[in-house]
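Protein chains in written order, with our numbering: chain C, 14 to 237; chain U, 14 to 237.
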């Protein structure tokens, strides 16, 4: 076995984002609008989950969606086609959303009329984990084909989330994905995270997700 | 259908990376070392491809690997266990490699003894596409479970690559992935890209990848 050489490379990270995020949170506490930040790799199923959520809620909550996309408006079109208010943030070269961008999204919606706003962040397991968007809850998706080792590679993302949806469980039969190993790795990073197994394709597990979402929105409404 | 609001958010992009990338290219032209930059989403199979490549080459080329990882050294350990020279660049919060970081990696290897150096970039379809690493060839992996719509969402990545490996074709039977639609979308962005279908799990298609790699290294050696 060859020796491994380790070199540290570093970057400065913006810090005034924290203040902006706090402003977003304060504003949405007043309007009783719960902001949820949805993150994952590209192709893990963020848009599919949002479409399943719209169907699962069946109009029980007044929902808005902020879509972040580098170039296209494909996702926002899918959401808007279901009659849901959709804001498209076209991020150009940007690899994540920050609180200032989310503020622009909120400014463009009448949030006082909404119970829940879901942000579909840029597909990326790295940068979005570092930037507080002002969301009340962070949710991430990991899909089965990405592998059970991802908590070892992208620990920050797993650490900053309140809930992990393990999506594409319909692929488990073809995969060597070890759910018990995944759970152990995730919980070692974040003991309080909730882990739900779902398939946005078959609808399996979506009911538990909807239940969690409704309970969280209800609890949020009672916050002083 | 609700109206979609579109908001442009922008970021400054570093520009002196271009000069540094040119220095890397000039240096490796002299040592006749072909540098290949491998990019994909998290969990698409970059490390698996490198391990298959080591096996497929069977010692025919003198290979080195530069692994970029945010926190762990898991991948570099797997490569080094096969007797291949591996440099681990621990990138901290960084979401991509730039030419300066690659220079640090090359400095830590004796590149004059190597025919080929493969960079495993950070798992990310966004930022790595924007930063020239100084590589002679850019290769990306898209895995079947990520979906055939990814060229619409991450067009720059598909535009900057010389070769696309469509990995995890063993999942095609469970998927609604449309290979013809994918090819059409990719070629619309980048008509000269080569597209190979592979499975790092079953080994399907790996021979074509190894053939391409050997031919490119041979051609590179003949460059003046």
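Backbone N, C-alpha and C define an ideal beta-carbon position, used for all residues, glycine too.
Nearest to residue i by CA position, among the options, is which residue?
i                      : options                       : result
residue 49 of chain U  : U:187, U:62 and U:91          : U:62
residue 240 of chain U : U:59, U:166 and U:70          : Nothing about residue 240 of chain U can be reported from this structure: the residues present for chain U run from 14 to 237 only.
residue 206 of chain U : U:78, U:46, U:232 and U:170   : U:170
residue 54 of chain C  : U:124, U:219, U:140 and U:111 : U:140
residue 41 of chain C  : C:66, C:188 and C:129         : C:129
residue 158 of chain U : C:134, C:112, C:214 and C:123 : C:214
residue 187 of chain U : U:210, U:109, U:160 and U:176 : U:160
residue 117 of chain C : C:109, C:126 and C:102        : C:102
residue 136 of chain U : U:57, U:224, U:228 and U:30   : U:57
residue 224 of chain U : U:32, U:30, U:70 and U:64     : U:70
residue 84 of chain U  : C:194, C:138 and C:126        : C:138
residue 178 of chain U : U:39, U:78 and U:155          : U:155
residue 75 of chain C  : C:237, C:235 and C:226        : C:226
residue 176 of chain C : C:194, C:73 and C:200         : C:200
residue 131 of chain C : C:153, C:144 and C:143        : C:153
residue 109 of chain C : C:146, C:125, C:95 and C:73   : C:146
residue 222 of chain U : U:234, U:233, U:208 and U:144 : U:208
residue 32 of chain C  : C:73, C:236, C:78 and C:144   : C:144
residue 192 of chain C : C:164, C:168 and C:216        : C:164
residue 35 of chain U  : U:78, U:115, U:68 and U:236   : U:115
residue 125 of chain C : C:91, C:68, C:77 and C:236    : C:77
residue 216 of chain U : U:30, U:68 and U:39           : U:68
State the DSSP-derived secondary structure class of residue i, mapped to helix, strand or coil.
i                      : result
residue 61 of chain C  : helix
residue 25 of chain U  : Residue placement at residue 25 of chain U cannot be trusted, given a pLDDT of 36 that sits under 50; the coordinates are not used to answer.
residue 160 of chain U : coil
residue 103 of chain C : strand
residue 189 of chain C : coil
residue 39 of chain U  : helix
residue 110 of chain C : coil
residue 31 of chain U  : helix
residue 53 of chain C  : strand
residue 236 of chain C : coil
residue 165 of chain U : helix
residue 121 of chain C : coil
residue 199 of chain C : helix
residue 226 of chain U : helix
residue 88 of chain C  : helix
residue 139 of chain U : coil
residue 82 of chain U  : strand
residue 221 of chain U : helix
residue 130 of chain U : strand
residue 231 of chain U : helix
residue 115 of chain C : helix
residue 69 of chain C  : helix
residue 182 of chain C : helix
residue 14 of chain C  : Only weak support is given to the placement of residue 14 of chain C: the predicted model assigns it a pLDDT of 45, under 50, and the value that follows is read from those uncertain coordinates. Coil, per DSSP.
Residue i and residue j look like a contact to me (Cβ under 8 angstroms); what is the Cβ gap, rounded to whole Å?
i                      : j                      : result
residue 89 of chain C  : residue 37 of chain C  : Residue 89 of chain C to residue 37 of chain C, Cβ: 20 angstroms. No contact.
residue 184 of chain C : residue 47 of chain C  : Contact doesn't hold; Cβ gap of about 31 angstroms is too wide.
residue 172 of chain C : residue 203 of chain C : 5 angstroms
residue 51 of chain C  : residue 45 of chain C  : Actually they are not in contact, since the Cβ atoms of residue 51 of chain C and residue 45 of chain C sit about 20 angstroms apart, beyond 8 angstroms.
residue 87 of chain U  : residue 162 of chain C : 7 angstroms
residue 100 of chain U : residue 122 of chain U : 6 angstroms
residue 229 of chain U : residue 218 of chain U : Between residue 218 of chain U and residue 229 of chain U the Cβ distance is about 17 angstroms, and since that is not below 8 angstroms, they are no contact.
residue 95 of chain C  : residue 64 of chain C  : 7 angstroms
residue 104 of chain C : residue 82 of chain C  : 7 angstroms
With a threshold of 16 other CB atoms inside 10 Å of the CB of residue i, please say whether the residue is buried or exposed.
i                      : result
residue 251 of chain U : Outside the shown range of chain U (14 to 237) lies residue 251 of chain U, about which nothing can therefore be said.
residue 231 of chain U : exposed
residue 120 of chain U : exposed
residue 14 of chain U  : The predicted model places residue 14 of chain U with a pLDDT of 45, which falls under 50 and marks its position as unreliable; any figure quoted below should be read in that light. Exposed, since its Cβ has fewer than 16 Cβ neighbours within 10 Å.
residue 80 of chain C  : buried
residue 181 of chain U : buried
residue 93 of chain C  : buried
residue 212 of chain C : buried
residue 142 of chain U : buried
residue 195 of chain U : buried
residue 25 of chain C  : Low confidence applies here, because residue 25 of chain C scores a pLDDT of 36, under 50, leaving its location unreliable and the question unanswered by this model.
Open item on the list: Beta carbons nearer than 9 angstroms to chain U: which residues of the stretch 183-195 of chain C have them?
Closed with: 183, 184, 186, 187, 188 and 189
Task: Contact set between the stretch 135-160 of chain C and chain U, restricted to residues whose Cβ is under 7 angstroms from the partner - done: 135, 136, 137, 138, 139, 140, 143, 156, 158, 159 and 160
Open item on the list: Which residues of the stretch 27-50 of chain U have a Cβ closer than 7 angstroms to any Cβ of chain B? Give them in chain order.
Closed with: Going by chain labels, chain B is absent from the structure shown, which instead holds the protein chains C and U.
TODO: Using a Cβ-Cβ cut-off of less than 7 angstroms, list which residues of the stretch 47-78 of chain U approach chain C; keep chain order.
DONE: 54, 55 and 56
Task: Members of the stretch 200-216 of chain U near chain C, C-beta cut-off 7 angstroms - done: none
Open item on the list: Using a Cβ-Cβ cutoff of 7 angstroms, what residues of the stretch 81-96 of chain U are near chain C? List them in chain order.
Closed with: 82, 83, 84, 85, 86, 87, 89, 90, 93, 94 and 96
Open item on the list: Can you pull out the residues from the stretch 158-182 of chain C whose beta carbon lies closer than 8 angstroms to at least one beta carbon of chain U?
Closed with: 158, 159, 160, 162, 163, 165, 166, 167, 168, 169 and 181
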